[in-house]
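Report on the following structure.
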Amino acid sequence: MGKPVLGILASGRGTNLQSIMDAIAEGQFSAEIGLVITDNPKAKALERAQMAGIANICVERKKFAKREVFEQSLIAELRKHHVEHIVLAGFMRILSPVFIREYKNHILNIHPALLPSFPGAHAHRDVLAYGVKISGCTVHFVDEGMDSGPIIIQAAVPVMDDDTEDTLAARVLKQEHIIYPRAIALYLDGKLKIEGRRVFIKE
Ligand code: GRF
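Per my numbering, the very first residue in the sequence shown carries number -8; after that it's consecutive.
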């Protein structure tokens, strides 16, 4: 049997993409990254894919009148590259049911907070504003809501009195780079069982 084929969607610097590429190179799990897609022509993720010899493409949202048509074009690209599993790695767009249904239960995301607290695009700012003492990161399946799908794994980090958004983000990011490859490995190994909102890990 061939290796499972991942499609990675990223909008920015791509450190999570890098950690996944590194995990594959180190043999943490067996998979092929069939395509990296970004919606941002300046995304460092594109460069990282190029450097690693991975197919990559930028599909800009503004070139399409409707979100659904934009997503159909993403799906067409992913199909072209035989992608079976979607990994969102800092993809700054909410996917509509058109996309979600195409890959139902086959889309993973990482969020830089302990969901269901602090969903959305400004997690670290919201964490500091609220004053919680512990934050972290969450890998979850993607459903049709925002950061609301069943949770696979989480890691916690302390929030320090002198934290800024940047220092907190850096502490959380270290954990992201550990738990995202771990979650992908469990998922690809067929060790995750979704029952309602709960995801059980069958080792
Ligand atoms: C990460 O903090 C991730 O949790 C969030 O977006 C950020 C992406 O960072 N979804 P990078 O592009 O992987 O460095």
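The beta-carbon is built from N, C-alpha and C at its ideal position, and this holds for glycine as well.
With 16 other Cβ atoms within 10 Å as the buried cut-off, status of residue i
i, result
"E167", "buried"
"S21", "exposed"
"M12", "buried"
"G25", "buried"
"I15", "buried"
"P88", "exposed"
"F90", "buried"
"A112", "exposed"
"A56", "exposed"
"F191", "exposed"
"A104", "buried"
"G127", "buried"
Sequence-distant residues of its chain with Cβ nearer than 6 Å to residue i (five each side left out)
i, result
"G5", "K35, A36 and R39"
"Y94", "I77"
"E135", "P88 and I91"
"M(-8)", "none"
"L(-3)", "A22, I24, H76 and V78"
Whole-angstrom distance between residue j and residue i, CA atom to CA atom
i, j, result
"E156", "I175", "27 Å"
"L8", "A161", "16 Å"
"N31", "I170", "25 Å"
"H72", "I143", "26 Å"
"I(-1)", "G81", "10 Å"
"V130", "Q145", "6 Å"
"I48", "I66", "13 Å"
"I125", "V148", "6 Å"
"L179", "A1", "20 Å"
"D153", "H115", "13 Å"
"S10", "P172", "7 Å"
"F109", "V118", "7 Å"
"N100", "R92", "15 Å"
"I185", "P141", "8 Å"
"K193", "H97", "18 Å"
"D121", "M42", "A small fix is needed here, since residue 121 is Tyr in this sequence, not Asp. If you take the alpha carbons of Y121 and M42, they lie about 40 Å apart."
"V50", "V150", "36 Å"
"K182", "R70", "25 Å"
"V163", "K33", "24 Å"
"E68", "G3", "19 Å"
Neighbourhood of residue i by C-beta distance below 8 Å, restricted to the same chain and skipping five residues each side
i, result
"P107", "D138 and S139"
"R52", "D30, R58, F61 and R84"
"P(-5)", "S21, A22, E23, E75, H76 and L179"
Any C-beta of chain B under 8 Å from that of residue i
i, result
"A1", "The question asks about chain B, but that chain is absent: this structure has only one protein chain."
Residues near residue i by beta carbon distance below 7 Å, same chain, minus five either side
i, result
"Q19", "P172 and A176"
"I45", "I24 and V27"
"R188", "P141"
Query - Complete runs of the alpha helix (DSSP H) confined to the region 144 to 188 [at least 4 residues] - result: 156 to 179
Query - Start-end ranges of the beta strand (DSSP E) lying completely within the region 30 to 94, minimum 3 residues - result: 47 to 49 and 76 to 79
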